[in-house]
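*Asks:* Residue numbers (our numbering), protein chains in the order written: chain A, 1 to 185; chain B, 1 to 716.
Structure in structure tokens, see below.
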Amino acid sequence: MEAVQPNTSSTAQSASSDGLNENSSAPLGNQQFVTFAIGKEEYAVDIMQVREIQAWTEVTALPKQPNYMRGVLNLRGIIVPIFDLRCRFSQGVTDATNIHVVVIVAVADHIIGILVDRVSDILAVDRGEILPVPDVEDQGDGEHIIGLVTAEDRMVALLDMGSLFKSEIIQDSLDDIEDTSEQTN
Amino acid sequence: MDEYAQFKITYFAECAELLADVETQLSELGSGSEDPEVLHAIFRAVHSIKAGAGAFKFTKLAEFSHQFEALLDRMRDGRIQVTEEGVGILFRASDILSAMVESAENETPLLEDFGSQILEEIKTIISSDEEPSPATPVMAVLQQTEDTIPVEKNYTISFAPKTELFKHANEPLLIVRELKTLGNVTAKPSLERLPLLQKLDGEEAYISWIFTLQSEAPLVDVEEVFEFVTEDCDLNISLVAENQDEEETKEVNKSHEKPSDLDQVTTPKATKLAAKQNIGTPKATSIRVDLDRVDLLVNTVGELVITQSMLSQQTNELPTDQFPNMVRGLEELALHTRELQESVMAIRMQPVKSVFSRMPRLVRELSAKLGKTVKLTTIGENTEVDKTVIEEISDPITHMIRNSLDHGLETTEERLAAGKPETGQVTLSAEHRGGRIIITISDDGRGINRKAVIARARERGLIGDTVTPPDDEVDNMIFAPGFSTAEKVTDVSGRGVGMDVVRRNIQALGGRISIQSAPGKGSKFIMTLPLTLAVMDGMIIEVGGAKYVIPIPNILESFRPPKEALKQLPTGQNLVYVRGEYIPICHLQQIFNVRAAEQDPSKALIVLTETEESGTVGIVVDQIVGQQQVVIKSLESNYRPVPGISAATILGNGKVAPIIDVEAIYLLSQQLMINSTLQSDSAPVPTDTLEEVSIVEADNIELASDLIEVHTTPIG
């Protein structure tokens, strides 16, 4: 009897997750994005990456961090690093108040928080409507944008969180340092 | 997912334990034990694996374990001598068995002829034991080597299973089938005890049988069929004599057992034997629990501890005389929470034995490969550490043992030439000290070849051509990346990756490793690790409004120094004079770049801490908030490692507090000092330019941690 029990429950689970997939992707090649803004600029991440959205609360600063790394937050027992998106795009440090918003996203195995001014919308986009980023000579942070979408008359940049905070969430960053040290030696 | 998946999971979990057991017992056997119980234990384990494999139709596994079992069976009743070579085969067979179990578990097919070589060897040994029939494997096990001419005999067997038989996953049908391999069987079931259908309990045993068996096999073989159920059934095997002569032979054959007037030999001996085995290996009263469940429990208790400390923080302000019961109740809550936490943590504690017991085998194989005679001594294998730590220490220990055998110990000739005993000594020990576990691996070999290390360090540009660092610094250079001084690369160790990886893995666990070496006398690796990766006692301190945690095991004392006790070296290093000793101090606020912290140590506090490698270090803090048991939360699960911080915790107010890695902090401060003496104007940073500075500082960290890599190495 015991063997059957988990079996049925797991099939139930997989059935429900299948159902989810159908809703989100199957019919029209639709993809949903959560859009948020820094000043007038609008950005978006895939809704499947977003874990939750919460108002800004004071974080614990860690020593000697890049200034866009605001500190860490206790998210129900998990320690989550919070990054200032404005500052990450070199537009100064956000003077965060309780009307600012932290978007908690899952990138690979990591949970990180992104400090933004406000969350605007959920955007359903047909995959065909996603436009490529034009080739510009000096890419800079452009490489972290995976596509552009027009919503009404606004342009929304789709962000690749994984590449944007690559060095922060990859464990081997220490190894990189060691590698460079070997080269300098 | 098939419906047996759950049972399979249990089976594989059991296999893992059984295989570990086989390993332990084999090591025992390898070290020359003659206790018959050792072979019995191995036999039982292999048999259990075989039984499950058969049930789940892992054909290869079942067949291999069958042969393995057959060999063991012969060894345990002395038909095959247990030789050195034989033990070697057993070891290899157990390896194959592990690989097969693994392949069955992961459903990765093995090569068709995997393990066939050893299988052949086993078969050869088995068949050499019995000249007449190298026949089918099944018959090989069951055939006896009695020299009487096989004569057909009639047995009457009454077999009444008890409920336990089914609970122990035995199956009468299988027994009947095995009986049938001995000869003709007729079975007569007895249904007397069978109740009415509506009263039938599916898990009860109601039916008993009377078998009549015509077979040439001797009584022992018939008894053997029931070997695993003797305790769980009423069994009576009797021999029905065909003629008087044969009965006589039978009696003679069995005379060393219980002489019987009747032609009936019951099985008290088997039962007694089984009982004795049970005394030898007391049944552990334990249950198998999924580690995830334990982890969940640990995490929940962790949250409970946080809530409890939050409550007690808030009620600290309550006047005791007004709410005496409340205050007392909270005190008790604190006590119970702590007890609860300790017992939950204790669930995860395991003796390091599980790792240590793998080492004799390693040493045995390596020493054979290297042609050295080595004696491994293990001390303190019952020292307990958290399961998470156990899993992580296996690789470093293995690596260092390899290293000791390959590089540390000389060859036999060299040893004799140096006037040392031929047998090299390697000692592996574990002990608790100061809330940590200390594991040392020492050998009486040649010690570190300092000349070679210095040459290699110069070659790699780690030290200047003219500089000769102190001996202990040289010794510790072997932990630098890509540092192997072995003259030749062997397949045992020494591919240029090694000790640096070991050190990095240990540091990632919050541990440290160092080496002590004396040329010609040997080396000693000392590894210290936290007992658990989940909780620790912390002192919460405050610097410029930010709270940090210093691990209590690191703290010696804290005090406010008088102004005259504070000194400075020309290098800029600050010192404090305590009871006739100058102790280096470092300012947390400088390292962490915290604003508004107290600059003057004589107005602040100094916490004296002890580090593994840098000795005593003073840390300047604004104030001490209190002592608390903190739950260690990894920063690295969501972020990269932060220099100077080993992990973080969540305080009673729900805020995150970093846990300070004292050693790393001190080294960071050293680095800062060197940097600031390089920059001529190292005036205190005005707060308004802080943002720009923090970028610069961020770069410095990388530089600093880079230099630390190099720096920690020479420090003793």
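Where is the CB? At the ideal position from N, CA and C, for every residue including glycine.
Pull up the distance between the alpha-carbon of A:F165 and that of B:H432, whole angstroms please.
*Replies:* Translated into positions along the first sequence, residue 165 of chain A becomes position 165. Translated into positions along the second sequence, residue 432 of chain B becomes position 432. Roughly 41 Å separates the two Cα atoms.
*Asks:* Could you tell me which whole beta strand (DSSP E) segments of length 3 or greater appear in the region 587-641 of chain B?
*Replies:* Entirely contained in the region 587-641 of chain B, the beta strand (DSSP E) runs reaching 3 residues are, in chain order, 605-611, 615-621, 623-631.
*Asks:* Closest by CA to B:Q573, which one among B:G544, B:H47, B:A418, B:S669?
*Replies:* In the second sequence, the residue the question calls residue 573 of chain B occupies position 573. It is B:S669.
*Asks:* Tell me the rounded alpha-carbon separation between B:Q264 and B:I210.
*Replies:* By 1-based counting over the second sequence, the position of residue 264 of chain B is 264. By 1-based counting over the second sequence, the position of residue 210 of chain B is 210. Reliability of the predicted coordinates at B:Q264 is poor, the pLDDT of 44 falling under 50, and the value obtained from them is presented with this limitation in mind. Distance between the alpha carbons of B:Q264 and B:I210: 15 Å.
*Asks:* Under 9 Å between beta-carbons, which chain B residues line up against A:E143? List them in chain order, please.
*Replies:* As a position in the first sequence, residue 143 of chain A is number 143, starting the count at 1. Correct list: empty, because the minimum Cβ distance to chain B is about 20 Å.
*Asks:* Check for me: the beta strand (DSSP E) holding B:P396 runs from which residue to which?
*Replies:* Position 396 of the second sequence, counted from the start, is the residue given in the question as residue 396 of chain B. Looking at the DSSP string, B:P396 is not in any beta strand (DSSP E); the run it does join, the alpha helix (DSSP H), is 387-403.
*Asks:* What alpha helix (DSSP H) runs, 4 residues minimum, are completely inside the region 115-162 of chain A?
*Replies:* Complete alpha helix (DSSP H) runs here, min 4: none at all.
*Asks:* By a C-beta neighbour count over all protein chains shown, 10 Å radius and 16 as the cutoff for buried, is B:Q117 buried or exposed?
*Replies:* Residue mapping note: residue 117 of chain B aligns to position 117 of the second sequence, counting from 1. Looking at its Cβ environment, which holds fewer than 16 other Cβ atoms inside 10 Å, B:Q117 is exposed.
*Asks:* By the DSSP assignment, the alpha helix (DSSP H) with B:P324 in it spans what residues?
*Replies:* Your numbering for residue 324 of chain B matches position 324 in the second sequence. Start and end: 324-348.
*Asks:* Mapping DSSP to helix, strand and coil, what is B:S98?
*Replies:* Taking the second sequence and counting its residues from 1, one reaches residue 98 of chain B at position 98. Of the three classes helix, strand and coil, the one that applies to B:S98 here is helix, per DSSP.
*Asks:* Between B:N638 and chain A, is the shortest Cβ-Cβ distance under 8 Å, so that the two count as touching?
*Replies:* Sequence index remark: in the second sequence, residue 638 of chain B carries index 638 (1-based). It does; some Cβ of chain A falls within 8 Å.
*Asks:* Taking C-beta pairs closer than 9 Å, name the residues in chain B that A:G77 reaches, listed in chain order.
*Replies:* The residue given as residue 77 of chain A occupies position 77 in the first sequence. By Cβ distance, chain B contributes N299, G302, E303, I306, V631, K633, I650.
*Asks:* If the cut is a Cβ gap below 8 Å, which residues of chain A does B:N593 touch?
*Replies:* Looking up residue 593 of chain B in the second sequence gives position 593. Correct list: P63, K64.
*Asks:* Should A:M155 go down as buried or exposed, given a rule of 16 or more other Cβ atoms within 10 Å for buried?
*Replies:* Here residue 155 of chain A refers to the residue found at position 155 of the first sequence. By the 10 Å Cβ count, A:M155 comes out exposed.
*Asks:* Measuring only between beta-carbons, confirm whether B:T687 sits less than 8 Å from chain A.
*Replies:* Taking the second sequence and counting its residues from 1, one reaches residue 687 of chain B at position 687. Note that B:T687 scores a pLDDT of 39, beneath 50, so its modelled location is shaky; the value from the coordinates is reported in the next line. With respect to chain A, the C-beta atom of B:T687 has no partner C-beta closer than 8 Å.
*Asks:* Count the CB pairs spanning the region 92-111 of chain A and the region 660-667 of chain B that are closer than 8 Å, and state whether there are at least three.
*Replies:* no
*Asks:* With a threshold of 8 Å, are at least 3 pairs of Cβ atoms found where one atom belongs to the region 312-331 of chain B and the other to the region 340-359 of chain B?
*Replies:* Too few Cβ pairs lie closer than 8 Å, so no.
*Asks:* Whose C-alpha, out of B:V229, B:I438, B:G652, is nearest the C-alpha of B:V631?
*Replies:* If you number the second sequence from 1, residue 631 of chain B lands on position 631. Checked all of B:V229, B:I438, B:G652; the closest Cα to B:V631 is B:G652.
*Asks:* How long is the line joining the alpha carbons of A:R127 and A:F36, rounded to whole angstroms?
*Replies:* The residue you call residue 127 of chain A lines up with position 127 of the first sequence. The residue you call residue 36 of chain A lines up with position 36 of the first sequence. If you take the alpha carbons of A:R127 and A:F36, they lie about 20 Å apart.
*Asks:* DSSP three-state label for A:V59, please.
*Replies:* Stepping through the first sequence from its first residue, residue 59 of chain A is reached at position 59. Coil at A:V59, not helix or strand.
*Asks:* Quick one: which chain A residues come within Cβ less than 8 Å of B:K655?
*Replies:* Mapped onto the second sequence, residue 655 of chain B falls at position 655. Result: E58, T60, N74.
*Asks:* Measure from the C-beta of B:G644 to each C-beta in chain A and report whether the shortest distance is under 8 Å.
*Replies:* To locate residue 644 of chain B, count along the second sequence from 1; it is residue 644. With 8 Å as the cut-off, B:G644 counts as an interface residue toward chain A.
*Asks:* Give the secondary structure of B:V352 by DSSP, where H, G and I count as helix, E and B as strand, and everything else as coil.
*Replies:* As a working mapping, residue 352 of chain B is identified with position 352 in the second sequence. Reduced to three states, the DSSP call for B:V352 is coil.
*Asks:* Could you tell me the distance, in whole angstroms, from the CA atom of B:H40 to the CA atom of B:L72?
*Replies:* Taking the first residue of the second sequence as position 1, residue 40 of chain B is located at position 40. Taking the first residue of the second sequence as position 1, residue 72 of chain B is located at position 72. Cα-Cα distance, rounded: 8 Å.
*Asks:* Helix, strand or coil for B:K369? Go by DSSP, reduced to three states.
*Replies:* Counting from one through the second sequence, the residue named residue 369 of chain B turns up at place 369. The answer is helix: DSSP assigns B:K369 an H, G or I state.
*Asks:* Thinking C-beta only, is A:V34 closer than 8 Å to A:I122?
*Replies:* Along the first sequence, read from residue 1 onward, the residue named residue 122 of chain A stands at position 122. Along the first sequence, read from residue 1 onward, the residue named residue 34 of chain A stands at position 34. Contact annotation: A:I122 and A:V34 have beta-carbon atoms nearer than 8 Å.
*Asks:* Just by C-beta distance, which residues in the region 78-102 of chain A are closer than 8 Å to chain B?
*Replies:* I78, I79, V80, P81, V93
*Asks:* Assuming contact is defined by CB atoms lying nearer than 8 Å, are B:V662 and B:I606 in contact in what I supplied?
*Replies:* On the second sequence, residue 662 of chain B is found 662 positions in, with the first residue counted as 1. On the second sequence, residue 606 of chain B is found 606 positions in, with the first residue counted as 1. Not a contact, by the Cβ cut-off of 8 Å.
*Asks:* Within 10 angstroms of the Cβ of B:I379, are there 16 or more other Cβ atoms? Answer buried if so, exposed if not.
*Replies:* In the second sequence, counting from the first residue as 1, residue 379 of chain B sits at position 379. B:I379 counts as exposed, since fewer than 16 other beta carbons sit within 10 angstroms of its beta carbon.
*Asks:* What separation, rounded to the nearest whole angstrom, lies between the Cα atoms of B:G544 and B:I550?
*Replies:* Taking the second sequence and counting its residues from 1, the one referred to as residue 544 of chain B is at position 544. Taking the second sequence and counting its residues from 1, the one referred to as residue 550 of chain B is at position 550. One alpha carbon belongs to B:G544, the other to B:I550, and they sit about 16 Å apart.
*Asks:* Apply the 10 Å Cβ neighbour rule to B:E384 and answer buried if 16 or more other Cβ atoms are within range, or exposed otherwise.
*Replies:* Counting from one through the second sequence, the residue named residue 384 of chain B turns up at place 384. Buried is the call here.
*Asks:* At a cut-off of 7 Å, would you count B:I96 as near the ligand SAH, judging by its Cβ distance to the nearest heavy atom?
*Replies:* Judged by which ligands are present, the structure shown has none, so any question about the ligand SAH falls away.
*Asks:* Helix, strand or coil for B:D500? Go by DSSP, reduced to three states.
*Replies:* The sequence position of residue 500 of chain B within the second sequence is 500, counting from 1. It is helical.
*Asks:* Report the neighbours of A:E168 on chain B: residues whose CB is nearer than 7 Å to its CB, in chain order.
*Replies:* Residue mapping note: residue 168 of chain A aligns to position 168 of the first sequence, counting from 1. Within 7 Å Cβ-Cβ: Y639, R640.
*Asks:* Per the DSSP calculation, B:C15 is bridged to which residue(s)?
*Replies:* Along the second sequence, read from residue 1 onward, the residue named residue 15 of chain B stands at position 15. B:C15 is not bridged to any residue.
*Asks:* Could you check whether the Cβ of A:I112 sits closer than 8 Å to any Cβ belonging to chain B?
*Replies:* Start at 1 with the first residue of the first sequence, and residue 112 of chain A comes out as number 112. For A:I112, a Cβ of chain B is located within less than 8 Å of the residue's own Cβ.
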